[in-house]
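Numbering-wise (the UniProt record's numbering), the sequence shown opens with residue 1 and increments by one. Note sheet for the following structure.
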Amino acid sequence: MRRYRSWSVLAVSLGLFLLVAACGGGGGSGSGESGDTVSASGASQKGPFRSGGTSTAIRLNADGSLSNEQVTGSISERGAYQLSGIDWTGPTLIRMEGDFYDEVAGNFSSDSRTLTAVTDIESGNSPDVNVNLYTYFAAERARSLMDNGEAFADALSTAHSELQSVLGISSAPSELNLLEAIDGVADDSANLLLFSAAVQEGNIGQDGLDALAADFADDGQINGDGADELSTIQEKGTDQLLSDARMQLQNQYSTEPPSSSGGFGWKLSACDAAKLTEPRVFCSDEEFSGTKGDDEGEPILFFPEESGFYAFAMNGTELDSFAGWTRYKDTLSGTELDTGPADGDTTTSSLNAGDQYAFLLNLSGLEQAGDSFALTEARVSDGRASDPVELEVGTAFAARVGYASSGSFPDYGAATSWYRLDGVSGTHTIRTSGYMADSGSGGLRIDVYEGDEGQETVNNIGALPQIDFVNGSGSSSNELTVDLAAGKPHFILITNQFSDYRREINSPPTTGTVEFDLKVNEN
C-alpha cells in the first residue's frame with residue numbers, strides 16, 4: 001500500500017486537480033481486456049517538454065497503486081506525445097519525463113521533470129490528455145482517495161470540486177495548453193502559465209513539486225510540506241512575470257500563448273498567504289481568538305485589506321483595566337507604532353493595505369491557561385494620502401470617516417478620508433449623503449485637488465492646485481460641482497467637520513465613524 005504524508009497545520013484550501021475523462025461515462029476501478037488497442041495523446045508541458053523525453057501509460061490498480069502493465073513512447077516537438085497499443089481499460093496513469101522549455105529563462109532546462117495525469121481508458125476510445133502541473137497534483141490527490149477506498153470516478157470528482165473552489169477555473173486541467181489561446185479555456189490556461197512561471201522564478205525543482213503534490217494528496221489542501229513552496233509561488237506570480245513568460249513562449253514556438261486579466265484563484269492575499277506558514281494571523285473583517293496558555297507573549301499578525309485608520313479592541317470577561325495591546329511594524333522587533341487599551345477606545349495611526357503589523361498583547365486579568373480572549377479590528381476611515389481609494393463615476397461608494405480629529409488641516413488624522421478619480425474630465429458633481437444632519441452648522445467638507453499626469457498618491461497636498469472646496473452646512477448631504485481637466489488625476493478629500501458628538505479632539509481619540517454615501521456624477 002502506498003503511503004502519504006499527513007500534517008496538521010492551519011490550512012488554506014487549495015484543490016489542484018485533474019478532470020480527465022474519456023467521452024461518455026465515468027470510469028470503474030478495475031481493468032478489463034479490450035479486443036482493440038487504443039491510444040492516448042496530448043501535450044506534455046511544464047514548459048513544453050523537449051523532444052526525446054519519455055512518455056508512459058500505466059494501468060492503475062483499484063487502490064491507485066501502479067500495476068505491471070504499461071506502454072512506453074517518446075515525446076516529440078512542442079511537447080506532443082502519443083502512446084499507442086494500450087490494451088486495457090480502466091484508470092490509467094499518464095507519465096512524462098524529460099527536459100523542458102523554461103518559460104522564464106528562455107531556454108531548455110538542464111535538469112528533468114516528471115509530471116503525471118490520470119484518465120479512464122474505455123474500449124474503443126482514444127483520449128486526449130494534456131499533462132501539466134495541475135494534472136500532476138490532481139493525479140496524486142485522486143490516487144490518495146483511491147488508496148482510501150474511493151472508486152476512481154468518485155476520487156476524480158472530489159479532486160474536481162476541490163479545484164473549482166480554490167483555483168476558480170472552469171476547464172478540465174487536461175484541456176489547458178500553455179502554447180495556445182484556445183477559446184473557452186484561455187483564461188484557465190493563463191492561470192496555469194503564471195503558476196508554472198512562478199515555479200521557475202522561485203527556483204522550485206522536482207523535490208518542491210513532489211512536496212506540493214504529496215501535501216495536496218493528503219487532504220486536498222496545501223498545509224504542510226508544500227506550504228513554503230506555495231508561499232514562494234504566491235510571491236513570484238506577478239502580472240509582469242506572466243507577460244514575460246508569454247513572450248518567451250511566443251519567440252520560441254511562434255505561437256500566441258494564453259493571456260488573462262488576472263484574478264487567479266490561487267493568488268492569495270498577503271493575509272491568506274501568511275496563514276500558510278504563521279500560526280497567529282487575522283485579516284480584515286476577522287477576529288483572532290486565543291487563550292492565555294497558547295498565545296501570551298506571542299506575536300499576532302494583522303494584514304489590513306484597505307488603507308485607513310483602524311481601531312483595535314480586546315474582548316474577554318476576565319480581562320481587567322490594565323489589559324491592552326502594542327502594535328509594531330512587520331514583527332515584534334520592528335518599529336513600535338502605537339498602544340491602546342483593551343476596550344478599543346483608541347484610533348490608531350493609519351495602516352497601509354496589505355502591510356504586515358504585529359501585535360503584542362497584555363492579557364492582564366487572565367489567570368488560567370485556558371482563559372480566552374479575542375482581538376478585533378474596525379476601520380474608521382477610508383484610504384490615506386499615500387493610498388487613496390479609487391472611485392468610479394456614477395457608482396455610489398459606501399464611505400466612512402472617523403470622529404477623531406488631530407493635527408492641522410488638511411491632515412486631520414482619522415477625521416479625513418482620501419479618494420482618487422482617474423481618466424475623468426468635464427463638469428462633475430461630488431455628493432455626500434446618507435448621514436444625520438449636524439446639530440450645528442458642520443458636516444462633511446469636500447476638497448478637490450488636481451494632480452500631475454500619472455500621479456497616484458498625494459505626497460505633498462500643499463504642492464497640488466486646489467480646484468475647489470465646500471464646507472459642511474449642517475444638512476444631511478453636501479455637494480460640490482467642479483470642472484476636471486483631461487489627462488489629470490483628481491484627489492477628493494472628505495473631512496469630518498461636524499460640530500456635535502461626531503467629531504472629537506481627544507487624547508487618546510475615540511473610535512467613532514461617520515458612514516455616508518459618496519458619489520461622483522457627470523453633469
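For each residue, glycine too, the CB sits at the ideal point set by N, CA and C. On a predicted model such as this, the values are computed, not experimentally measured, just so you know.
ask   = Is any beta-carbon of chain C found at less than 8 angstroms from that of D411?
value = No chain C appears in this structure, which consists of one protein chain only.
request  = Return the residue from the list E103, G370, A62 and S39 that minimises the CA-CA distance to T72.
outcome  = S39
inquiry  = Can you give me the C-alpha to C-alpha distance between V9 and F309, rounded to a whole angstrom?
reply    = In this prediction, V9 has a pLDDT of 33, which is less than 50 and means its spatial position is unreliable; what the coordinates show is noted afterwards. Spanning the two alpha carbons is a distance of roughly 32 angstroms.
key: Cβ distance (whole Å) where T348 is taken to contact R327 below 8 angstroms   = 7 angstroms
message = Just to confirm, is the Cβ distance from R400 to D382 under 8 angstroms?
response = yes
key: Which residues DSSP lists as bridging A313, in chain order   = According to DSSP, A313 bridges with T376.
request  = Below 8 angstroms on the Cβ atoms is my guess for A197 versus E103; work out the distance and round it to an integer in Å.
outcome  = The distance from the Cβ of A197 to that of E103 is about 5 angstroms, consistent with a contact at the 8 angstroms cut-off.
inquiry  = In chain order, what are the residue ranges of uninterrupted alpha helix (DSSP H) at least 4 long that sit wholly in the stretch 285-333?
reply    = 292-295
Where S386 falls, given that 16 or more other Cβ within 10 Å makes a residue buried = It is exposed - the Cβ of S386 has fewer than 16 other Cβ atoms within 10 Å.
ask   = Which ranges would you report for the alpha helix (DSSP H) in the stretch 354-438 if only whole runs of at least 4 residues count?
value = none
ask   = Alpha carbon to alpha carbon, how far is L209 from S259?
value = 24 angstroms
key: Option nearest T395 by Cα separation, candidates T432, F359 and V118   = T432
query = For E296, which option in A369, L493 and G413 has the closest C-alpha, if you only look at C-alpha atoms?
reply = A369
ask   = Should A374 go down as buried or exposed, given a rule of 16 or more other Cβ atoms within 10 Å for buried?
value = With fewer than 16 Cβ atoms within 10 Å of its Cβ, A374 is classed as exposed.
query = When DSSP builds the beta bridges, which residues end up paired with V118?
reply = L93
Residue interval of the beta strand (DSSP E) (run including T54) = T54 to L60
message = Tell me the residue span of the alpha helix (DSSP H) that contains T135.
response = L133 to D147
Own chain residues within Cβ distance below 6 angstroms of G26, not counting five before or after = Residue placement at G26 is poorly supported in this model, since its pLDDT is 34, which falls under 50; the coordinates still yield a value, given next. Once the five neighbours on either side are set aside, the close Cβ partners of G26 are A153.
inquiry  = Which residue wins for smallest C-alpha separation from F100, given the options Q82, D128 and N132?
reply    = Minimum Cα distance to F100 is reached at N132.
8 angstroms Cβ cutoff met for F264 and G149 = No, the Cβ-Cβ distance between F264 and G149 is not below 8 angstroms.
message = Here's a check: name, in chain order, each residue in its chain whose Cβ is nearer than 6 angstroms to the Cβ of E377, leaving out the five neighbours to either side.
response = Y310 and F312
key: Span separating the alpha-carbon of S439 from that of Q466   = 29 angstroms
query = From what residue to what residue does the alpha helix (DSSP H) around S74 run?
reply = Looking at the DSSP string, S74 is not in any alpha helix (DSSP H); the run it does join, the beta strand (DSSP E), is L66 to S74.
task = Identify every residue that forms a DSSP beta bridge with Q45.
result = P48
Straight-line Cα distance separating Q234 from A227 = 10 angstroms
ask   = To which residues does DSSP link N478 through a beta bridge?
value = T432
Same chain only: Cβ atoms within 7 angstroms of D187, ignoring 5 sequence neighbours per side = S260
ask   = Expressed to the nearest angstrom, what Euclidean distance is found between the alpha-carbon atoms of F288 and F282?
value = 6 angstroms
query = Are Y403 and R280 closer than 8 angstroms when you measure CB to CB?
reply = no
message = So, at 6 angstroms on beta carbons, what are the nonlocal neighbours of S29 in its own chain, with the 5 sequence-adjacent residues on each side left out?
response = Because S29 carries a pLDDT of 36, less than 50, the predicted location of this residue cannot be relied on, and the following value inherits that uncertainty. So the qualifying residues of the chain are A62, A151 and F152.
inquiry  = Under DSSP, the beta strand (DSSP E) around E336 begins and ends at which residues?
reply    = Counted as a single uninterrupted DSSP element, the beta strand (DSSP E) harbouring E336 occupies residues E336 to P341.
request  = Hey, could you find the ends of the alpha helix (DSSP H) E278 is sitting in?
outcome  = Element bounds for E278: n/a, residue is neither H nor E.
key: T331 beta carbon less than 8 angstroms from that of P304   = no
query = If you follow the beta strand (DSSP E) that T513 is part of, which residue opens it and which one closes it?
reply = T513 to E522
ask   = If you drop the 5 nearest sequence neighbours on each side, which residues of the same chain put their C-beta closer than 6 angstroms to that of W266?
value = Hits under 6 angstroms: L167.
task = Take A463 as the anchor and find which of E450, E456, N68 and S475 has the nearest alpha-carbon.
result = E450
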